[in-house]
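This report concerns only the one structure given below.
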Amino acid sequence: MFAKKLLQKATKLHNLHHHHQNLRGSLTQEELDFQIAVHYGIPSTASILAFDPIQRLLAIGTLDGRIKVIGGDNIEGLLISPKQLPFKYLEFLSNKGFLISISNDNDIQVWNLEDRSVASSLQWSSNITSFSLIHGSFFMYVGDEHGLMSVLKYEEDAELLMLPYHISAKSLTEAAGSSFPDHWTVVGVLHQPCSSGNRVLIAYESGLIILWDVFESQVVVVRGDNVLELKNGVVDSSDQPEHNLEEKEITALCWASSNGSILAVGYIDGDIMFWKTSTTTSSKTRKSGASNNNVVRVQLSSAERKLPVIVLHWSANSKSQNDSDGQLFVYGGDEIGSDEVLTVLSLEWSPGMETLRCVARAELTLIGSFADMSLLPNPINNLGTDLLVLTNPGHLQFFSHESLTALTSEHAKRITLNSIQCPVVIPTLDPILTASNLSSLIATENTSNFLLEIATNMKVNSTSKFMNGSGNWPVSGGIVQQLSSPEGYVIERIYIAGYNDGSVRIWDATSPVLSILCVIREMKDVEVKVKGSTAPVSELNFCSLTSGLAVGNQLGLIRVYNLNSSSKDTTLHIITAIKQEVHKQAENGGPKCSACFHLLDSPVQALQYMDHGAKLAVAHECGRVAVLDVKLFSVLFLSDSLPNPRSPVISMMWKSFLHNDGHVKSPKDLGSKDLNKNKPVESLMFIFTKDAKLYLFGCDDYRMINSKPMQLKKETTAISMHVIEGSTSMVESVDQKESKQLTKDVLSRNEPHSPVDQKESKQLDSLVLLCLKDALRLYRLKSVIQGNEQTLCKVKLAKPCCWSSTFKKDEKTCGLVLLYQSGELEIRSLPDLEVVKVTSLMSILRWSFKANMERTMSCTETGQISMINGSEVAFISLLNGGDDFRVLESLPCLHDKVLAAAIEAVISSSQKQRKKQGTHGSIVNILKGFKGGKAKNGINFPADFLSSFSNLDKIFSKNPFPDPVESITDDQEDVELDIDDIEIDEEPVSMPMPTTSSHSKQNEETGKKSDRERLFDGDNSDATPRLRTREEIIATYRKAGDASSVASQARNKLLERQEKLERISRRAQDLNNEAEDFASLANELVKAMERRKWWQI
């Protein structure tokens, strides 16, 4: 008996292995390429902001090495650094199309926004502690922990260069006549406004501040290193005027005037100092900070212990004539333990810049902890400066220029100002997204026209119209690529999302730039209120054949919409378990709800369109299944609870099969020999529950086909079920012989293959794939129908799986994608279920897996996966090639070349003409329509933006403080060595001298005289020219002696050189012999040492 069972088991394993060998996958690793096709939303790890005021682009750096770039018209891009590290500095090369990032490991990267890649990088050897750009140029200042300030330049040939120009703390303090600081870390390096890049301010951690003129290579002013009598500002100032500024650590600084005459500095003790950098004082005291007129202190709190000043930003008051009036934005500086707010001080200076007055103070309420802030100036439209605050986790708060300007008119001392909600392309958290579906459109023309018409009526396709009528959203950069003309545009793909408030939103997802098509909200225009219409959406299903949309919610309500323009019916059918009602809907131009079904008060767990969109199968959480007729608005079937009502339905599938006569046949009798194209069709419904039980129902009488469901022997958790239609590749097996025999019979009757014949063949080859938490099981469809539980292929998974989907290539199901709870994505080929490629959410998106992430995931037949993580929405493309998302031309352009060229034309014109701004009117008119709105006052660039920086190339090409050796080397010209200049360490040899003594005397005296002495014969007292005689000129300039004496002198010179060459040769030979003797001596010493023992050494 035991031997018999063992033989049966061995036979079963052999057959299983034989079947697995007969399966052949059609997917290769070369065909796979994971790419982020679409990314929307701000990562929760966002930590730093940057803004390009010309291109109107916003960049957000994260703690995990990503950079989010946001523009207008729903343009968003994601840059991913090779290193998964935080960014500590992020700056745009304004209007240049490049973005500079510095990571925590001091890797400087230059990003090309046009091709979204790293154009150049430079690894800094020390810790970078400060960084800034000379706006309008390619120059950058870098300060490090060792007190060194260096200059970089990005060349347009994609090379980041470190220039010879650098200033050390020791050299600069010596030039300033100041003491060397104990803490020499450079905490701030800023180029001075209105200086054309010729001046740079360097601040050290100890509190020392030096303004340096790079053009003249000299110190302009020194601040922060003396005992001062401080002038207190009016914001909670103390009564003690005497203060000793002994090494007070600087934590933040910024320019507090548009011309660079005032510097605002924040300190670790919470104080804020306004230092004057003007040089109107005498030359003796201009480098000193001893004057009490040079600094004014402001304190946000009179408490003894205050928070350090972390961030300082200043914005000018456009209505004031004083360049130093404006608003100071402060984070920190308040009492320890106080609420976390951002303080805004509206400041005004007296005409003589003697006193500072705070006219208003506001506290901006933060949603979450503070991360960073950025001012958003608008130089093109000159509409003022807005404020954008980044808080954790990844939340943006916007404060408009109008609301900030209104602070000066308030009389209260402290005002609390709330932010405006920033526009979001795909909301995920407010409201909360609960279900989603990415689908392709097949019946494209009518549905596309209908949805585009709705979108035109709603006028919600762009973020240029800001929310709540609060003005224009200032981030409006980038260009959307138009691949086709608007007249012939057809929507090919849509993204549908359901929310916890019952609403549904539909986007056009044909291109990487999504645009909202319509928003389906609560049905307020219906005669009777539909119960449960505002409950959270739990399931969505879209039928691409009929453009039908089914929406199920947590209260068991199913809403059916028709997105086809051919449907003009405005009636609403409400069907419950006991009655049916018909109501009228108002004509609002949006999608109409054709029917509402409310049969059970149980959450809808699964929805599946059947019978080419004519029927809808609904599975509730309680375990009951219903079949609805969405054409006749009736209930066809409502089952009793399944045997295990606690196990919800997770997958449903509808399938058609052929009969050989008019009545329903038992599935056990179904086989290839029974298929006949002249027989009617039978439909079956497959239901897969979470406890891994597979039920089959006939779609005519909706009775269970088998007496019991197909059930696995081992308890497990089901993930999903897939029916793979006749697209598998198998080598010949016993089961295929019947199919081949059928084909031979058809050919023997000289009958051509019909579509039905092909369909029958596909049905015979179709497979059923059950995806479980810990395994994959592949069955023949015919075996499942016949109740045969023998698997065709079985794979045990090493990790828990939570989501799966199949995808096609060339209209053929070829692959299976699995998501594990570890965050790994795995691609397996079908039908052999072999692993082709493994990656992870972390490597693709820098995402960590979160619980229930799989509930909002979906996948198209062509391998595009949509997924959500917090406020982020991403579409991942799996297949390499044949995907519109992958076409570079379809991606939005993050750099507007036309705008950049127009701005450069304005700058070039300004540099050439050097006239007032009004002379640029012709070019300004071209720019008025570029970025949202009319220009009120023309273009208002920063002062340095219109400057030419050509002089800086020469200045930064050499070190301002060269070493003495370097200085001597640089000043010397190339010297041509003559043989007469070679001296040999030998006794001098007497040589015959020239016959005349005047020649030697002249050479001796010439070497001692200066040029002026030689010119005027040493007579410096009288420089008046005098007439010389002929004899004097001959005696001074003519060689003595006749021609024979001159020839004799030349011959003697040649002999002298020959002898010197012989002596050089002999000396070289002697040195060579000495070197050989030394080498032999060294070899003998080595041998002697090798013979010695270790204790003798």
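Numbering (numbering that gives the first Met the number 0), first residue to last: 0 to 1096.
Note that beta-carbon positions come from the ideal geometry of N, C-alpha and C, so glycine has one too.
Because the structure is a prediction, the values reported are computed rather than measured.
1. Under DSSP, the beta strand (DSSP E) around residue 365 begins and ends at which residues?
2. Is residue 1071 helix, strand or coil by DSSP?
3. Under a Cβ-count criterion, where at least 16 other Cβ atoms within 10 Å of its own Cβ denotes burial, should residue 611 be classed as buried or exposed?
4. Which term fits residue 1053, buried or exposed, when burial requires 16 or more other beta carbons within 10 angstroms of its beta carbon?
5. Give the secondary structure of residue 437 by DSSP, where H, G and I count as helix, E and B as strand, and everything else as coil.
6. Who are residue 685's beta bridge partners in DSSP?
7. Since residue 479 is in the alpha helix (DSSP H), which residue starts that stretch and which ends it?
8. Please go through the same chain and pick out, in chain order, the residues whose beta-carbon is closer than 7 Å to the beta-carbon of residue 317, but skip the five residues on each side of it.
9. Under 8 Å, with one C-beta from each stretch per pair, do the segment 471-480 and the segment 59-76 reach the 3-pair mark?
10. May I ask which residues mark the beginning and end of the alpha helix (DSSP H) holding residue 783?
11. What is the residue span of the alpha helix (DSSP H) that residue 404 lies within?
12. Tell me the DSSP bridge mates of residue 871?
13. Can you tell me where the alpha helix (DSSP H) with residue 169 in it begins and where it stops?
14. Closest by CA to residue 530, which one among 507, 575, 568, 539?
15. Who pairs with residue 519 in a beta bridge, going by DSSP?
16. Using the Cβ count rule (16 or more neighbours within 10 Å means buried), how would you classify residue 581?
17. Which residues in the same chain as residue 103 place their Cβ atom closer than 7 Å to its Cβ, once the five residues preceding and following it in sequence are excluded?
18. Would you grab the beta carbon distance between residue 168 and residue 863 for me? Rounded to a whole angstrom, and I think it's under 8 Å.
19. In the structure shown, what three-state DSSP assignment does residue 1097 receive?
20. DSSP state of residue 624, grouped into three classes?
21. On a Cα-Cα basis, can you pick out the residue from 25, 341, 300, 200 that is closest to residue 263?
22. Apart from the five residues just before and just after residue 518, which ones in its own chain have a Cβ nearer than 6 Å to its Cβ?
23. What first and last residue would you give for the beta strand (DSSP E) that runs through residue 953?
24. So who's on the other strand from residue 198, going by DSSP bridges?
25. Work out the CA separation of residue 132 and residue 138 for me, nearest whole Å.
26. Is there a C-beta anywhere in chain D that falls below 8 Å from the one on residue 130?
27. Use the C-beta contact count for residue 812: other C-beta atoms within 10 angstroms, 16 or more gives buried, fewer gives exposed.
28. Counting pairs of Cβ atoms below 8 Å between the segment 603-623 and the segment 530-542, do you hit three or more?
29. Helix or strand or just coil, what does DSSP make of residue 304?
30. Might you give, ordered along the chain, the residues of its own chain that have their beta carbon closer than 7 Å to the beta carbon of residue 586, omitting 5 neighbours on each side?
31. At the level of alpha carbons, what is the spacing between residue 299 and residue 902?
32. Taking the alpha-carbon of residue 810 as reference, which of 692, 347, 209, 859 has the nearest alpha-carbon?
33. Could you check whether residue 418 and residue 397 sit closer than 8 Å to each other, using their CB atoms as the reference points?
34. Would you tell me roughly how many angstroms separate the C-alpha atoms of residue 160 and residue 358, rounded to the nearest one?
35. Hey, residue 389 and residue 775 are a contact pair by Cβ (cut 8 Å); roughly how many whole angstroms apart?
36. I believe residue 437 touches residue 494 by the beta-carbon criterion, under 8 Å. Please report the beta-carbon distance rounded to the nearest angstrom.
Working from what's here:
1. Here residue 365 refers to the residue found at position 366 of the sequence shown. Segment: none, residue 365 is in no beta strand (DSSP E) and carries neither H nor E.
2. As a first step, residue 1071 is located in the sequence shown; it is residue number 1072 there, counting from the start. In this structure, residue 1071 counts as helix in the three-state DSSP scheme.
3. Stepping through the sequence shown from its first residue, residue 611 is reached at position 612. Exposed: under 16 other Cβ atoms inside 10 Å.
4. Your numbering for residue 1053 matches position 1054 in the sequence shown. The residue in question, residue 1053, is exposed, as its Cβ has fewer than 16 Cβ neighbours within 10 Å.
5. Position 438 of the sequence shown, counting from 1, holds the residue named residue 437. Residue 437 falls in the strand class under three-state DSSP.
6. Within the sequence shown, the letter at position 686 stands for residue 685. Paired residue(s): 652, 695.
7. Here residue 479 refers to the residue found at position 480 when the sequence shown is read from its first residue. Unbroken run through residue 479: none, as it is neither H nor E.
8. Counting from one through the sequence shown, the residue named residue 317 turns up at place 318. 383.
9. yes
10. On the sequence shown, position 784 is the one that residue 783 refers to. That run of the alpha helix (DSSP H) goes 780-784.
11. Residue mapping note: residue 404 aligns to position 405 of the sequence shown, counting from 1. Residues 400-404.
12. By one-based count along the sequence shown, residue 871 stands at place 872. For residue 871, which the question treats as bridged, DSSP gives the partners 868.
13. Residue numbering aside, residue 169 sits at position 170 when the sequence shown is read from its first letter. Unbroken alpha helix (DSSP H) run through residue 169: 168-175.
14. Reading the sequence shown from its first residue, position 531 is the one you call residue 530. It is 575 whose Cα lies nearest to the Cα of residue 530.
15. Start at 1 with the first residue of the sequence shown, and residue 519 comes out as number 520. Note: residue 519 sits in a beta bridge opposite 503.
16. One-based indexing of the sequence shown puts residue 581 at position 582. So residue 581 ends up on the exposed side.
17. Along the sequence shown, one-based indexing puts residue 103 at 104. Excluding sequence neighbours, residue 103 sits near 84, 85, 87.
18. Residue mapping note: residue 168 aligns to position 169 of the sequence shown, counting from 1. Residue mapping note: residue 863 aligns to position 864 of the sequence shown, counting from 1. Wrong, their Cβ atoms sit about 55 Å apart, outside the cutoff.
19. Because the chain in this structure spans residues 0 to 1096, residue 1097 falls outside the shown range and cannot be described.
20. Residue numbering aside, residue 624 sits at position 625 when the sequence shown is read from its first letter. Looking at residue 624 - three-state DSSP - the assignment turns out to be strand.
21. Position 264 of the sequence shown, counted from the start, is the residue given in the question as residue 263. When each option's Cα is compared against that of residue 263, the closest is 200.
22. Mapped onto the sequence shown, residue 518 falls at position 519. Excluding residues within five positions, the ones whose Cβ falls inside 6 Å are 504.
23. In the sequence shown, counting from the first residue as 1, residue 953 sits at position 954. Counting along the chain, residue 953 falls outside any beta strand (DSSP E), though it belongs to the alpha helix (DSSP H) covering 949-954.
24. Residue 198 sits at position 199 when you count from the first residue of the sequence shown. 212.
25. For the purposes of this step, residue 138 is taken as the residue at position 139 of the sequence shown. For the purposes of this step, residue 132 is taken as the residue at position 133 of the sequence shown. Cα to Cα, the separation comes out at about 6 Å.
26. This model lacks chain D altogether; it includes just one protein chain.
27. Here residue 812 refers to the residue found at position 813 when the sequence shown is read from its first residue. With 16 or more Cβ atoms within 10 Å of its Cβ, residue 812 is classed as buried.
28. yes
29. Taking the first residue of the sequence shown as position 1, residue 304 is located at position 305. In the structure shown, residue 304 sits in coil (DSSP, three-state: anything other than H, G, I, E or B).
30. Mapped onto the sequence shown, residue 586 falls at position 587. The answer, listed in chain order, is 569.
31. Residue numbering aside, residue 299 sits at position 300 when the sequence shown is read from its first letter. Residue numbering aside, residue 902 sits at position 903 when the sequence shown is read from its first letter. Between residue 299 and residue 902, the C-alpha separation is close to 41 Å.
32. Along the sequence shown, one-based indexing puts residue 810 at 811. Residue 859 is the option with its Cα nearest to residue 810.
33. Translated into positions along the sequence shown, residue 397 becomes position 398. Translated into positions along the sequence shown, residue 418 becomes position 419. Against a cut-off of 8 Å, the Cβ pair of residue 418 and residue 397 comes out as a contact.
34. The residue given as residue 160 occupies position 161 in the sequence shown. The residue given as residue 358 occupies position 359 in the sequence shown. Cα to Cα, residue 160 sits roughly 46 Å from residue 358.
35. Sequence index remark: in the sequence shown, residue 389 carries index 390 (1-based). Sequence index remark: in the sequence shown, residue 775 carries index 776 (1-based). Not confirmed; about 44 Å, so no contact.
36. One-based indexing of the sequence shown puts residue 437 at position 438. One-based indexing of the sequence shown puts residue 494 at position 495. Sure, about 5 Å apart at Cβ, within 8 Å.
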